[in-house]
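>
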Amino acid sequence: MDDRKPPITLRLLTLFSFLLGIYLVANGLAIRLFGWDPIVMLPRASWLDPFHVFSEGFDQWVFLTPEALAWPAVVLGAGLSGAIWGIWLHRQWGYGAAILINVFSLMFIGPATLLALGNLACMAAPATRDWAQDAVSPDE
102 MDDRKPPITL RLLTLFSFLL GIYLVANGLA IRLFGWDPIV MLPRASWLDP
152 FHVFSEGFDQ WVFLTPEALA WPAVVLGAGL SGAIWGIWLH RQWGYGAAIL
202 INVFSLMFIG PATLLALGNL ACMAAPATRD WAQDAVSPDE
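If you're matching positions, the sequence shown starts at 102 in our numbering and goes up one per residue.
Structure, rendered in structure tokens:
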């Protein structure tokens, strides 16, 4: 049993990953099941979106449509939870999978980009890397 206290960066990584996973899965399912594009539905407030990037829909300036990104969003969001569990269990594969998933999550414009950047910043912290690389034997 590992009695060490997890670093604050790992706790923040878990929080940001939970929010990112919920965001990706919910938006992906909303697009595929109901045809609703959550990014287009953002309010058109000028202080929130001064260049109308999100309110006009990202499919106008990105070549991929929301429908094409829906299932990858569900897979990435669900896979991120497994990767975070791998990090908490001191598994190196969890760290690598979380980096890969967060890099792919950067292509989802909006809150997902900010959450993925927060995750990558937390993963770059030495305390999080040490936690993931410090393998603990199950017999201990």
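The beta-carbon is built from N, C-alpha and C at its ideal position, and this holds for glycine as well.
(1) With distances taken from CA atoms, which of Gly-183, Arg-112, Gly-195 and Leu-177 is nearest Leu-207?
(2) Look at the alpha carbon of Arg-133 and the alpha carbon of Ala-171, and state the distance between them as a whole number of angstroms.
(3) Below 8 angstroms on the Cβ atoms is my contact criterion, and I expect Leu-111 with Asn-220 to pass it. Report the Cβ-Cβ distance as a whole number of Å.
(4) Just to confirm my understanding: we take Leu-149, look at its own chain, exclude 5 residues before and 5 after, and list those with CB closer than 6 angstroms. What are they?
(5) Using beta-carbon positions only, say whether Gly-197 and Ile-185 come within less than 8 angstroms of one another.
(6) By Cβ distance below 7 angstroms, which residues in the same chain neighbour Gln-234 in space, the five residues on each side in sequence not counted?
(7) Go ahead and label Leu-251 buried or exposed: buried means 16 or more other beta carbons lie within 10 angstroms of its beta carbon, across all protein chains shown.
(8) Looking at the secondary structure, which residues open and close the alpha helix (DSSP H) in which Arg-112 lies?
(9) State buried or exposed for Val-204, treating a residue as buried only when at least 16 other CB atoms are found within 10 Å of its CB.
(10) Taking its Cβ as the centre, do 16 or more other Cβ atoms sit within 10 Å of Gly-129, making it buried, or is it exposed?
With the structure as the only source:
(1) On the sequence shown, residue 207 is found 106 positions in, with the first residue counted as 1. Among Gly-183, Arg-112, Gly-195 and Leu-177, the Cα nearest to that of Leu-207 belongs to Leu-177.
(2) Within the sequence shown, the letter at position 32 stands for residue 133. Within the sequence shown, the letter at position 70 stands for residue 171. Looking at the two C-alpha atoms, the distance is approximately 6 angstroms.
(3) The sequence position of residue 111 within the sequence shown is 10, counting from 1. The sequence position of residue 220 within the sequence shown is 119, counting from 1. Leu-111 to Asn-220, Cβ: 11 angstroms. No contact.
(4) Indexing the sequence shown from 1 puts residue 149 at position 48. Residue placement at Leu-149 cannot be trusted, given a pLDDT of 48 that sits under 50; what the coordinates show is reported in the next sentence. Excluding sequence neighbours, Leu-149 sits near nothing in its chain.
(5) To locate residue 197, count along the sequence shown from 1; it is residue 96. To locate residue 185, count along the sequence shown from 1; it is residue 84. Cβ atoms of Gly-197 and Ile-185: not closer than 8 angstroms.
(6) Position 133 of the sequence shown, counted from the first residue, corresponds to residue 234. For Gln-234, where only same-chain residues beyond five positions count, the Cβ hits under 7 angstroms are Gln-193.
(7) There is no way to answer for residue 251, as the model of the chain reaches only from 102 to 241.
(8) For the purposes of this step, residue 112 is identified with residue 11 of the sequence shown, where counting begins at 1. Segment 109-135, the alpha helix (DSSP H) holding Arg-112.
(9) Here residue 204 refers to the residue found at position 103 when the sequence shown is read from its first residue. When all chains shown are included, Val-204 counts as exposed.
(10) Against the sequence shown, residue 129 aligns to sequence position 28. Buried: at least 16 other Cβ atoms inside 10 Å.
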